[in-house]
Amino acid sequence: MLLAVLALVLAVVLGAVGAGMALLLRGGISAKVEPTHAEAVIARKLRSLGIPGKYRQLSNPLSISKEVIEAGRGHFADHCAVCHANDGSGQTQMGRNLYPRAPDLRLAQTQQLGDGELFYIIENGVRLTGMPGWGDGTEEGRRASWHLVHFIRHLSTLTPREKLDMEQINPKSPEEWREMQEDQEFLKGKEPANREDAHHH
Ligand code: HEC
C-alpha cells in the first residue's frame, strides 16, 4: 500500500517536472523564442520578491540637475546602450535577442518601479538574465547608479541632440572609429587619407 502511494507521488512529481521542462524548453535552448506571457509575469513577480523591502521606499537622494542628467546620459551611452539602445527602447541586436529581452525602459512597467528598485537592479543585476550588476561597492559607484536612475526617468523626453551626443560616446569597433574619423574629416572639408591615390592632375 505504502509502496503504491509512493509510486503515485513519484509519478505525479515526475509528470510535473516533465511538463515544466517541456514548457521551459519549448524550441530547445534557443533564446530566439518569445517568452510566454505567463513566464514573463512569474519572472517579474519573483524578481520583485527578490528586491529587499527597504529599497522599495527609497527615493533618489540626488536632486536632479543638468549635470546629473548629463552624467547619467554619458554612462548610459557607454555601458547600457549596447543592449538597451540610446533611447532606452531595447531595439539593439543584443537586446532583441536576449532571453528575456531587454525591455523598453520608457514604458510603464519600468517607469512605475520605484527609484530604489531601479537602483537595486542597476547595482545588482538580475540573475538568469542578460542584465549585469554594475555596483562596485564604492560611494562613487552608487552615485553613478543614482545618476542612471534620473536618466531612465528622462528617457521619454530625450532630444535628437542628446541622442547625437550619445552616439559619439557609444563603444565602437576600430572599423567604426575609422569611419567616424573619416566622416569628421570629410565634414571639415579635408580629403580622407586613403583617397589620396584618386587625386591625379
Ligand atoms: C548585456 C545586456 C545588458 C546591458 C549591458 C544592460 N542591461 Fe539592463 N537589462 C538587460 C535585460 C536582459 C533586462 C531584463 C531583465 C529582466 O527581465 O528581469 C534588463 C533590465 C534592466 C532594468 C529593469 C527594467 C525592467 O522594467 O525590468 C533596468 C532599470 C536596467 N536594465 C538598466 C540598465 C542600466 C542602467 C544599464 C547600464 C549601466 C544596463 N541596464 C545594462 C540587459 C542589459
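Residues in the sequence shown are numbered consecutively from 101, following my numbering. Built from N, CA and C at the ideal position, the CB exists for glycine as well.
| Check | Outcome |
| --- | --- |
| Assigned secondary structure, glutamine 284 (DSSP; H/G/I helix, E/B strand, else coil) | helix |
| Check: arginine 147 C-beta below 7 Å from any heavy atom of ligand 1 | yes |
| Complete runs of the alpha helix (DSSP H) confined to the stretch 176–209 [at least 4 residues] | 181–184 and 193–197 |
| Cβ-heavy atom distance, histidine 254 to ligand 1, below 7 Å | no |
| Three-state class that DSSP yields for glutamine 212 in the structure shown | coil |
| Sequence-distant residues of the same chain with beta carbon closer than 8 Å to glycine 235, five excluded per side | Ile222, Glu223, Asn224, Gly241, Arg242 and Ser245 |
| Spatially closest choice to glycine 172 from Pro135, Leu125, Pro152 and Lys263, by CA coordinates | Lys263 |
| Segment contact flag, the stretch 114–124 with the stretch 162–177, C-beta cutoff 8 Å, min 3 pairs | no |
| Where threonine 257 sits in the DSSP three-state scheme | helix |
| Cβ-Cβ distance between arginine 156 and glycine 233 below 8 Å | no |
| Supposed close pair proline 200, alanine 140 - CB separation, criterion 8 Å | 7 Å |
| Exposure of leucine 106, with buried meaning 16 or more beta-carbon neighbours within 10 Å | exposed |
| First and last residue of the uninterrupted alpha helix (DSSP H) at arginine 126 | No alpha helix (DSSP H) contains arginine 126, which DSSP labels as neither H nor E. |
| Expected contact under 8 Å - CB spacing of leucine 205 and isoleucine 252 to nearest Å | 6 Å |
| Of the listed residues Ala185, Gly230 and Leu255, nearest to isoleucine 269 (C-alpha basis) | Ala185 |
| Check: histidine 250 C-beta below 7 Å from any heavy atom of ligand 1 | no |
| Cβ-heavy atom distance, isoleucine 142 to ligand 1, below 7 Å | no |
| Check: alanine 116 C-beta below 7 Å from any heavy atom of ligand 1 | no |
| Reference serine 148; option with closest CA among Ser273, Leu218 and Val249 | Leu218 |
| CA-to-CA distance, aspartate 187 to glutamine 193, given in whole angstroms | 14 Å |
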